[in-house]
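Down below is the structure, laid out as structure tokens.
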Amino acid sequence: MSTPECSSFSPLGGRRKPKNITLLSFNTNELSRNIPELTNCMSEYGVDITLIQETFLKPTKPRACAIAGYVQLRKDRTHARRGGTALYYSRSLHCCPIDIPPLINMEATGCRLAMTDHRTLVIVSVYLPSPQPLHRSDLRALLALGDAVILFGDFNCKNPRWGCPVLDYNGNKLDQLQDRLEFEIIAPSVATHYPHNVTHRPSTIDIALTKGVVLNLNRIETLHKLTSDHRLVLLKMGPPDGGRPNPTCKITDWKRVLTALEKIDTPPLNSIPDNIRTIDEINSAIGALTSHIRTVVKKCEREVPASSDHRKFPPVILELIRAKNKALRRASAYPTPEYRSRARDLQREVKARVQEFRNESWSDLMEEIRPSHKAFWRITKALKTEGYTPIPPLKRPDGSTALDDAEVAECIADSIETQCSHASPLHDPAHISRIEEEVLQETSLDLQDDLTLVSLSEVQTLMKSLKTRKAPGLDGIHKPGKPRDLPASYRPISLLSGLAKLYERVLKTRLTDHLLGKGLIIDEQFGFRPVHSCPQQVLRLVEYATEGFKRKNKTVAVFFFDVAKAFDRTLNQSKSSSRLRPLPPPYSAYTNDIPRPTSGVQLALFADDTALFYRNRYRDVAARRLQRAIDELGQWFRLWRIEVNPEKSAAIQFKYSKRRSKFVVDYNTPTLKMLNARIPWQRSYKYLGVTLDRNLNFRYHIARVRKTALFVPSKARSLAR
1 MSTPECSSFS
11 PLGGRRKPKN
21 ITLLSFNTNE
31 LSRNIPELTN
41 CMSEYGVDIT
51 LIQETFLKPT
61 KPRACAIAGY
71 VQLRKDRTHA
81 RRGGTALYYS
91 RSLHCCPIDI
101 PPLINMEATG
111 CRLAMTDHRT
121 LVIVSVYLPS
131 PQPLHRSDLR
141 ALLALGDAVI
151 LFGDFNCKNP
161 RWGCPVLDYN
171 GNKLDQLQDR
181 LEFEIIAPSV
191 ATHYPHNVTH
201 RPSTIDIALT
211 KGVVLNLNRI
221 ETLHKLTSDH
231 RLVLLKMGPP
241 DGGRPNPTCK
251 ITDWKRVLTA
261 LEKIDTPPLN
271 SIPDNIRTID
281 EINSAIGALT
291 SHIRTVVKKC
301 EREVPASSDH
311 RKFPPVILEL
321 IRAKNKALRR
331 ASAYPTPEYR
341 SRARDLQREV
351 KARVQEFRNE
361 SWSDLMEEIR
371 PSHKAFWRIT
381 KALKTEGYTP
391 IPPLKRPDGS
401 TALDDAEVAE
411 CIADSIETQC
421 SHASPLHDPA
431 HISRIEEEVL
441 QETSLDLQDD
451 LTLVSLSEVQ
461 TLMKSLKTRK
471 APGLDGIHKP
481 GKPRDLPASY
491 RPISLLSGLA
501 KLYERVLKTR
511 LTDHLLGKGL
521 IIDEQFGFRP
531 VHSCPQQVLR
541 LVEYATEGFK
551 RKNKTVAVFF
561 FDVAKAFDRT
571 LNQSKSSSRL
581 RPLPPPYSAY
591 TNDIPRPTSG
601 VQLALFADDT
611 ALFYRNRYRD
621 VAARRLQRAI
631 DELGQWFRLW
641 RIEVNPEKSA
651 AIQFKYSKRR
661 SKFVVDYNTP
671 TLKMLNARIP
681 WQRSYKYLGV
691 TLDRNLNFRY
701 HIARVRKTAL
711 FVPSKARSLA
721 R
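Under the UniProt record's numbering, the first residue of the sequence shown is numbered 1, with each subsequent residue one higher.
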């Protein structure tokens, strides 16, 4: 029997909008020492969002105190020690971070949560340091973040109205502001702060303020757990019509699916004709096959309660934690030296046992892990990345934000439409008309069916090469260094299903055989063709330069073009493109007639990466001939509506020298221009993954690779700790 698995959801497409929410607030008084028990507590109570105060974290460690299955948002204190707020929200929630306005005394971290049958909630973790006064402007700014706001955390406001033994300045002011700012105060019936000094009485200063929230208060409770002078506060809210449904997951018996798919005598498959001749018949056959597969998989699925205790502690540690919590409750009710000492001893013992358990679990994992292990690639990815970065709401051109999935999809679609549209006007309308007429004439001819037929053995071979554990869906891949709140900063890549991948490989094989078999790809193009790679193209450039050094041609000038949206903008996106086929040609074939420069200037192509280079003993001659080639290529790009970014293009001058010069280029070297824009000379440039410097000693490249190589062992050491 095959091993059943729980199906997972896409982070973008499967985010849920809850009707009920469970919040947990905790002033940790140093977050790092409470992470193991806090993780267990969040799993035990099914917490959606956890709000933390006094984290003591610093920006130098952005991945500190991460919790699996939750997105961490932080606002670290930078001007002084301690302090800081954080917020953890479940990755399954339709949630995103928000910007907190400048505050005078308060520290805050917030998120925006989309709900079902309720307006969007703004949830903020709030910390008012003692003895700082409460400012009305701080509260007003936080309550103005949305139509429905929950402020939850350590307010350091004492008032007998919510269970404090005394009334202080902040408590009195908060009480007066309640009617003016129109918010409600929610506090537990049991004290939340138990000072270490036994002469100070416990108080309730960890409370929640709500404005515009129409959910029912189902529960607010003080939990005597973890290690801090504050206690956890659990808050549950929901609609009047009922409680929260139990989470479930689907288990698929893939062996039953395989057996069912082997049966071909079924009504859906029988509806597929033996000879498919028209496009409608193709679409109908694809729909019937897809429907059949979905039906079979659905019949082999069953829902079971979702279990989130895969990181649960062993019974011995759980029993010890219960004893510690019991001692904390006793010490809170009767703060005698004996009870307090017993609680501290149990806290230290729990901390030691939890650390011992984590070390043993890590050692066991390292001993048994293999490349086939599910966790192998997750650990590898964790070593190479800085962790998950939350995606903020996307900003539309009019300044409004897109939060809902449908709004985000529409926002990205509008952005892609703008990016894939030609910004520059037609350079030669007559040329465009000639090309369109030629294409229409070619497409009106009878098709020549000279392609190799698809065989069953070919499909079986391709299926065996498909990688497992790949789910179809959308991947919003962020462009490095770009603002995360702009839709143009993302590459919306669609992960294909298994059937689509098979078709893609069948089509690619025949297209490649056709292009290469008929010599339709020029020799200078190294991209997307067999026995060619990035290092080989870089080696060609480096050998050309070093050979020039040996021949006393001490100056080698290189110009790198930055092509904008090469795979999105093609000729058939013109004004009359509706008459043409919507499928754009491959970029390598589209640019195959790119003109080879004259006067000995060399051309190098790797997909859309285009470079021109020339060597000569005289720098003026090298720059002049390179400029002529740039002008020729620029005119060809404009003619075929391939847009080039002069701002991102670059030029570099290689020169043989035993000494490192402080100048980027020699004195009086002419400046290159492209489309009337000056292109500055650079000391180094990253070309196809290799950093090339002026003297070709690869000093910058070695330093970058060494930094990357040292990064992985440092992350491994941090994981081991």
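We put the beta carbon where it would ideally sit given N, CA and C, even for glycine. Predicted model, so just to flag it, every value in this text is computed and none were measured.
Cut-off 8 Å between Cβ atoms - residues of its own chain near residue i, not counting five sequence neighbours on either side
i: Gln682; result: Ala650, Ala651, Ile652 and Val664
i: Ala677; result: Pro646 and Glu647
i: Phe606; result: Gln525, Phe526, Gly527, Cys534, Gln537 and Leu688
i: Cys41; result: Leu24, Val47, Leu223, Lys225, Leu226 and Leu232
i: Cys300; result: Thr252, Asp253, Trp254, Arg256, Val257 and Ala260
i: Ile317; result: Val350, Arg353, Val354 and Phe357
Nearest-angstrom Cα separation, counted from residue j out to residue i
i: Ala114; j: Asn218; result: 20 Å
i: His478; j: Leu167; result: 50 Å
i: residue 724; j: Ile702; result: One cannot answer for residue 724 here, as it falls past the ends of the chain, which runs 1 to 721.
i: Val354; j: Glu37; result: 8 Å
i: Pro390; j: Arg484; result: 9 Å
i: Ile264; j: Asn270; result: 8 Å
i: Lys298; j: Pro268; result: 15 Å
i: Pro314; j: Ala352; result: 14 Å
i: Gly634; j: Pro429; result: 17 Å
i: Tyr587; j: Thr85; result: 49 Å
i: Arg694; j: Leu626; result: 17 Å
i: Phe561; j: Gly600; result: 18 Å
i: Asp147; j: Lys673; result: 53 Å
i: Gly548; j: Arg596; result: 20 Å
i: Leu466; j: Gly498; result: 8 Å
i: Ser43; j: Val690; result: 46 Å
i: Phe613; j: Tyr503; result: 39 Å
i: Glu436; j: Ala66; result: 56 Å
i: Arg15; j: Leu486; result: 21 Å
i: Pro713; j: Glu30; result: 27 Å
i: Asp593; j: Asp609; result: 16 Å
i: Ser657; j: Ala611; result: 23 Å
i: Ala557; j: Thr669; result: 11 Å
Limits of the unbroken alpha helix (DSSP H) element including residue i
i: Asp364; result: Pro337 to Glu368
i: Pro429; result: Pro429 to Thr443
i: Val233; result: It is not in any alpha helix (DSSP H) - Val233 instead sits in the beta strand (DSSP E) that spans Leu232 to Gly238.
i: Arg322; result: Pro315 to Ala333
i: Cys164; result: Where Cys164 is concerned, there is no enclosing alpha helix (DSSP H), given that its DSSP letter is neither H nor E.
Chain-order list of residues whose beta-carbon lies under 7 Å from that of residue i (same chain, five-residue window excluded)
i: Pro273; result: Glu281
i: Leu215; result: His118, Met237, Gly238 and Pro239
i: Pro582; result: Its pLDDT being 33, under 50, Pro582 is placed unreliably in this model, and the coordinates cannot settle the point.
i: Arg91; result: Pro11, Gly69, Tyr70 and Val71
First and last residue of the uninterrupted beta strand (DSSP E) at residue i
i: residue 762; result: Outside the shown range of the chain (1 to 721) lies residue 762, about which nothing can therefore be said.
i: Glu107; result: Glu107 to Leu113
i: Gly153; result: Ala148 to Asp154
i: Ala611; result: Asp609 to Asn616
i: Leu24; result: Ile21 to Asn27
i: Glu184; result: Glu184 to Ile186
i: Ser90; result: Thr85 to Ser90
i: Asp206; result: Asp206 to Lys211
i: Ser125; result: Leu121 to Tyr127
i: Gln72; result: Tyr70 to Lys75
Contacts around residue i, its chain only, beta-carbon distance under 6 Å, and the 5 residues preceding and following it disregarded
i: Arg103; result: Before going on, a small fix: residue 103 reads as Leu here, not Arg. So the qualifying residues of the chain are Asp138.
i: Arg328; result: Strictly speaking, residue 328 in this sequence is Leu, with Arg absent from that position. Once the five neighbours on either side are set aside, the close Cβ partners of Leu328 are His224 and Ala343.
i: Val190; result: Thr222
i: Tyr89; result: Ile49, Val71, Cys95 and Cys111
i: Thr512; result: none
i: Pro141; result: For clarity, residue 141 is Ala in the given sequence; the question names Pro instead. Excluding residues within five positions, the ones whose Cβ falls inside 6 Å are Pro101.
i: Arg706; result: none
Problem - Stretch-stretch touch, CB-based, cutoff 8 Å, three pairs: the region 122-131 with the region 146-153 - result: yes
Problem - Cβ pair count under 8 Å reaching 3, the region 310-325 against the region 284-291 - result: no
Practice task
Would you check if the region 205-215 and the region 250-260 touch, i.e. whether three or more CB-CB distances between them fall below 8 Å?
Solution key: no
Handout entry: Cβ contact check for the region 52-67 and the region 20-27: 3 or more pairs under 8 Å
Key = yes
Exercise for the section: Evaluate contact between the region 610-623 and the region 408-417, counting only Cβ atoms and requiring at least three cross-stretch pairs below 8 Å. Expected result: no
Exercise for the section: Kindly provide the ranges of any beta strand (DSSP E) runs that are 3 or more residues long and lie completely inside the UniProt domain "Reverse transcriptase" (588-692), ordered along the chain. Expected result: 602-606, 609-616, 650-655, 672-674, 677-679 and 684-687
Practice task
Check whether the region 228-236 touches the region 73-82, taking contact to mean three or more Cβ pairs, one atom from each stretch, closer than 8 Å.
Solution key: no
Practice task
Could I get the ranges of all uninterrupted alpha helix (DSSP H) runs contained in the UniProt domain "Reverse transcriptase" (477-569), with 4 residues as the minimum, in chain order?
Solution key: 498-517 and 534-550
Exercise for the section: Enumerate, from N- to C-terminal direction, the unbroken alpha helix (DSSP H) stretches of 4 or more residues contained entirely within the region 264-299. Expected result: 267-270 and 279-299
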